[in-house]
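Single-structure report; data block below.
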Amino acid sequence: MINEIKKSAEQKMQKSLEAFKNDLGKVRTGRAHTGILDHVMVDYYGSDVPVNQVANVTLIDARTIGVQPWEKPMLAKIEKAIRDSDLGLNPASMGEIIRVPMPMLTEERRKDLIKVVRGEAEGARVAMRNIRRDSNTEFKNLLKDKAITEDEERRGQDEIQKLTDKYTAEVDKMLAAKEADLMAV
Numbered sequence: 001m002i003n004e005i006k007k008s009a010e011q012k013m014q015k016s017l018e019a020f021k022n023d024l025g026k027v028r029t030g031r032a033h034t035g036i037l038d039h040v041m042v043d044y045y046g047s048d049v050p051v052n053q054v055a056n057v058t059l060i061d062a063r064t065i066g067v068q069p070w071e072k073p074m075l076a077k078i079e080k081a082i083r084d085s086d087l088g089l090n091p092a093s094m095g096e097i098i099r100v101p102m103p104m105l106t107e108e109r110r111k112d113l114i115k116v117v118r119g120e121a122e123g124a125r126v127a128m129r130n131i132r133r134d135s136n137t138e139f140k141n142l143l144k145d146k147a148i149t150e151d152e153e154r155r156g157q158d159e160i161q162k163l164t165d166k167y168t169a170e171v172d173k174m175l176a177a178k179e180a181d182l183m184a185v
């Protein structure tokens, strides 16, 4: 029973960590990477689909993304979707390919992005603590129902605390890496 609770908590913490990692990927740095356009949606014959499902997204160089639509009529729609997104990018059509240059980040914008990233990290830490609280509540209920002993409850809570510390440290490590990435000129 204790192992089931521990396994469930670890799975939930892993999912929270993955969600945090995805959120970090959406915060852009000065360098170009194709993942930036993953959440940009394009109208494709009446339904919204991600850009990478209607076009080939590649890196032209370190500061430019190339988007080559599979269908010629999609060129203008993709360009408009990228321009209208909240990424602050200004795409330019060049024949059959859209070039998306990555603008340099100003010092002020970098600091704003760091605040956003720290907020995301705190959200991930809160999620970890909530999972710990729920697991500890399960242990207390098992103890109250006399399904486990007090020693088993204490041992279970200690294991959950170790898991929480491990995943919180992972969040801190990812946060530090993203902050360093944002401050790199």
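With full-length UniProt numbering applied, the sequence shown covers 1 to 185.
We treat Cβ as the ideally placed atom computed from N, Cα and C, and that holds for glycine.
Quick caveat: nothing in here was measured; it's all calculated off a predicted structure.
Once DSSP output is grouped into helix, strand and coil, what is the label at residue i?
{"i": "Ala-55", "result": "strand"}
{"i": "Ala-177", "result": "helix"}
{"i": "Ile-60", "result": "strand"}
{"i": "Met-13", "result": "helix"}
{"i": "Ile-148", "result": "coil"}
Per DSSP, which residues does residue i bridge with? Please list them.
{"i": "Tyr-44", "result": "Ser-47"}
{"i": "Gln-157", "result": "None; Gln-157 has no bridge partner."}
{"i": "Ile-36", "result": "DSSP lists no partner for Ile-36."}
Between which residues of its own chain and residue i is the CB-CB distance below 7 angstroms, once the five residues before and five after are set aside?
{"i": "Met-41", "result": "Asp-48, Val-49, Pro-50 and Ala-81"}
{"i": "Lys-77", "result": "Val-42 and Asp-43"}
I need the boundaries of the alpha helix (DSSP H) containing residue i, first residue and last residue.
{"i": "Thr-137", "result": "107 to 144"}
{"i": "Ile-65", "result": "Taken as a continuous stretch (DSSP letters only), Ile-65 belongs to no alpha helix (DSSP H), being part of the beta strand (DSSP E) at 64 to 69."}
{"i": "Asp-84", "result": "74 to 84"}
Can you tell me whether residue i sits near the ligand PLP, meaning its C-beta is under 7 angstroms from at least one heavy atom of the ligand?
{"i": "Arg-129", "result": "Inclusion of the ligand PLP in the displayed structure is not the case, the ligand content being empty and no account of it being possible."}
Can you find the residues in the same chain that come closer than 8 angstroms, C-beta to C-beta, to residue i, ignoring five residues on each side of it along the sequence?
{"i": "Lys-140", "result": "Glu-153"}
Which residues bound the beta strand (DSSP E) around residue i?
{"i": "residue 186", "result": "Residue 186 cannot be examined here, being either before or after the span of the chain that is shown, 1 to 185."}
{"i": "Val-100", "result": "97 to 101"}
Less than 6 angstroms between C-beta atoms, sequence neighbours within five positions excluded: which residues of the same chain meet that for residue i?
{"i": "Ile-131", "result": "Ala-9, Lys-12 and Met-13"}
{"i": "Leu-24", "result": "Lys-178"}
Would you check if the region 66 to 80 and the region 94 to 101 touch, i.e. whether three or more CB-CB distances between them fall below 8 angstroms?
-> yes
Would you call the region 50 to 60 and the region 151 to 166 in contact, with 3 or more CB pairs under 8 angstroms?
-> no
Could you tell me whether the region 172 to 181 touches the region 113 to 131, using the rule of 3 or more Cβ pairs below 8 angstroms?
-> yes
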